[in-house]
Amino acid sequence: MGARWVLHLDMDAFFASVEQLTRPTLKGRPVLVGGLGGRGVVAGASYEARVFGARSAMPMHQARRLVGAAAVVLPPRGVVYGLASRRVFETVRATVPVLEQLSFDEAFGEPGVLAGASPAQVEQFCQRLRAEVAAVTGLVASVGAGSGKQIAKIASGLAKPDGVTVVARDEEAALLHGLPVRKLWGIGPVAEEKLHRLGIETIGGFAALSDTEVANILGPTVGPALHRLARGIDERPVAENAPAKQISAESTFAQDLTTLDQLRDAVGPIGEHAHRRLLKDGRGARTVTVKLRKSDMSILTRSATLPYATTDTATLIAMARRLLLDPIEIGPIRLVGVGFSGLSEVQQESLFPDLELAATEQAASVAAPSAAAPAGEQLPAWRVGDDVVHADYGHGWIQGAGHGVMTVRFETRSTGPGTARTFSATDPALSRANPVDSLDWPQFVEETSRYQSTP
Numbered sequence: 001m002g003a004r005w006v007l008h009l010d011m012d013a014f015f016a017s018v019e020q021l022t023r024p025t026l027k028g029r030p031v032l033v034g035g036l037g038g039r040g041v042v043a044g045a046s047y048e049a050r051v052f053g054a055r056s057a058m059p060m061h062q063a064r065r066l067v068g069a070a071a072v073v074l075p076p077r078g079v080v081y082g083l084a085s086r087r088v089f090e091t092v093r094a095t096v097p098v099l100e101q102l103s104f105d106e107a108f109g110e111p112g113v114l115a116g117a118s119p120a121q122v123e124q125f126c127q128r129l130r131a132e133v134a135a136v137t138g139l140v141a142s143v144g145a146g147s148g149k150q151i152a153k154i155a156s157g158l159a160k161p162d163g164v165t166v167v168a169r170d171e172e173a174a175l176l177h178g179l180p181v182r183k184l185w186g187i188g189p190v191a192e193e194k195l196h197r198l199g200i201e202t203i204g205g206f207a208a209l210s211d212t213e214v215a216n217i218l219g220p221t222v223g224p225a226l227h228r229l230a231r232g233i234d235e236r237p238v239a240e241n242a243p244a245k246q247i248s249a250e251s252t253f254a255q256d257l258t259t260l261d262q263l264r265d266a267v268g269p270i271g272e273h274a275h276r277r278l279l280k281d282g283r284g285a286r287t288v289t290v291k292l293r294k295s296d297m298s299i300l301t302r303s304a305t306l307p308y309a310t311t312d313t314a315t316l317i318a319m320a321r322r323l324l325l326d327p328i329e330i331g332p333i334r335l336v337g338v339g340f341s342g343l344s345e346v347q348q349e350s351l352f353p354d355l356e357l358a359a360t361e362q363a364a365s366v367a368a369p370s371a372a373a374p375a376g377e378q379l380p381a382w383r384v385g386d387d388v389v390h391a392d393y394g395h396g397w398i399q400g401a402g403h404g405v406m407t408v409r410f411e412t413r414s415t416g417p418g419t420a421r422t423f424s425a426t427d428p429a430l431s432r433a434n435p436v437d438s439l440d441w442p443q444f445v446e447e448t449s450r451y452q453s454t455p
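Note that the UniProt record's numbering gives residue 8 to position 8 of the sequence shown, counting from 1, and the numbers run on in steps of one.
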């Protein structure tokens, strides 16, 4: 069999691109997707926003300041991204049957038909694959190709945005040689710092070390494996991934947390970190777990289960905060973790999260005080980015809201830029809509629903 080719397909600015696809007025505008509150974090940024320096994982207030008044800030719609992701990779699988999907928006493939192919043939294959994804979904992918996963992933980064990069065998060493050592798969901040202290800044410098030196610096197991990657030797197979059962994040604090307010503040960024991983995974979560390690090293965990799987960050983090215990009662806390489990592709975007959280809180017998609205009170206010449907104008989304009125832009993927109209916030002709309707893929949605409900 001829030399293999591994592909890495990575969707360009996926979350923001899906927003621009389903809300055509946003095409060409700087879009930021993420938390809208004071501690919100950017989950995705369009290329128009990246020009200003905005990027994923940046605090939202910083990204908004960089982009300025032109920024369009939207809450994540996990159920929409999940459906778009499914359609992208179903399209890819028609050509590349075995995919090692890393997240919502990226995957490795190793097409058997490319074994022994020339770089020019590989490029033609990748261009056809990208064209098919664009034709079916309206979304743009970049593709990298090389002899293994390491080179393919680096190549897709070089291909962005909206391109293909094929790295031939005789080009690999030169490509790797000048890259920062942190670009090497598996080199984290700790390993990077060890190498920097020894004056090793590039992958080429790392590759030039002897096996014994590498083992002494990074250990006898990890060191040699990374050393092989640095020399362009990457024989790792492309294989389907088993889905994760839980997604979590945690943080250890230099000083113990001693008040409930400190704990609540800490849970925000930790929950946001776990939430970004959840969005990348592509499934919603039903169960929220909080882990507390006390100063005596004992561990307490508390969990609660929602009546639906969701990726709504406000719902998930609010539940995490409700699960906290007061350090005054249990003792100082040195580590806090937030985990999401009960993962499912069948998601529901909560239409009335405050009311549902209140009901869930009662069922879970959570002791922490609730900020949820009691039953019978006014439903949660409309917010920018919510999907709505009007009896006469159809599906739209809220562009602005406040002072008892809201402006709705009526458009979907298939309509092109739509018209905007202003309504009273209590207009009976408006109601909340299913966000996936903005994709306007009725047949695909129906087929997906049948697939998900099959035992």
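By construction, the Cβ of each residue, glycine as well, lies at the ideal position given by its N, Cα and C atoms.
Asked	Found
Those runs of the alpha helix (DSSP H) which lie wholly inside the region 29-111 and span at least 4 residues	47-50, 60-67, 78-93
Assumed close pair G342, A320 - CB separation to whole angstroms, cut-off 8 Å	Actually they are not in contact, since the Cβ atoms of G342 and A320 sit about 14 Å apart, beyond 8 Å.
Alpha carbon of G385 to alpha carbon of Q399, nearest angstrom	6 Å
CA nearest to the CA of T91, picked from P75, G188, G138, V389	G138
Buried or exposed by the 16-neighbour rule on C-beta atoms within 10 Å, applied to A159	buried
7 Å Cβ cutoff met for A69 and A63	no
Close beta carbons around R29, own chain, < 8 Å, minus the five adjacent residues each side	Q20, S46, E48, A70, V72
Limits of the alpha helix (DSSP H) - the one that A225 falls within	222-230
Between the CA atoms of V31 and V140 - distance to the nearest angstrom	16 Å
Three-pair Cβ contact test at 8 Å for the region 77-85 versus the region 10-26	yes
Proximity winner among I233, R322, S344, relative to I151 (alpha-carbon distances)	I233
Opposing strand residues paired with G10 [DSSP bridges]	This sequence places Asp at residue 10; Gly is not what is there. In the DSSP output, where bridge partners are listed per residue, D10 has E106, S142.
Distance between Y393 and P75 (C-alpha atoms, nearest Å)	23 Å
Classification of T422 by the beta-carbon crowding that lies within 10 angstroms, buried from 16 upward	exposed
Beta-carbon spacing of G35, T313 below 7 Å	yes
Cβ separation of R413 and T22, assumed to be a contact under 8 Å, to the nearest whole Å	5 Å
Reduced DSSP secondary structure (H/G/I, E/B, other) of T422	strand
R23 (DSSP reduced to helix, strand or coil)	coil
Supposed contact pair A57 and V42 - C-beta distance, whole angstroms, cut 8 Å	7 Å
Local conformation of L355 per DSSP, three classes	Low confidence applies here, because L355 scores a pLDDT of 39, under 50, leaving its location unreliable; read the following figure in that light. It is helical.
Burial state of H403, where buried means 16 or more other Cβ atoms lie within 10 Å	exposed
Which of helix, strand or coil DSSP assigns to E361	Any reading at E361 is ruled out, since the residue's pLDDT is 41, under 50, leaving its predicted position unreliable.
Which of helix, strand or coil DSSP assigns to T258	coil
Candidates G163, E100, D427, of which the one nearest A134 by Cα	G163
Buried/exposed call for S438, threshold 16 Cβ in 10 Å	buried
Opening and closing residue of the beta strand (DSSP E) in which H395 lies	394-402
Buried/exposed call for P369, threshold 16 Cβ in 10 Å	For P369, the pLDDT reaches just 29, beneath the cut-off of 50, and the residue's location in the model is therefore unreliable, although a value from the coordinates is still provided. Per the 10 Å Cβ criterion, exposed.
As assigned by DSSP and simplified to three states, the class of A155	helix
Boundaries of the alpha helix (DSSP H) in which K194 is found, first to last residue	189-197
Cβ pair count under 8 Å reaching 3, the region 226-240 against the region 170-189	yes
Same chain, Cβ closer than 6 Å to T165, neighbours up to 5 away in sequence not counted	G144, A155, L158, A159
Status (buried if at least 16 other CB within 10 Å, exposed otherwise) for K153	buried
Own chain residues within Cβ distance below 6 Å of L209, not counting five before or after	none
DSSP bridge partner residues for S431 (one or two, in chain order)	V389
For E411, three-class secondary structure by DSSP	coil
Residue 457 classed as buried or exposed, judged by whether at least 16 other C-beta atoms fall within 10 angstroms	In the structure displayed, the chain extends from 1 to 455; residue 457 sits before or after that span and is not available.
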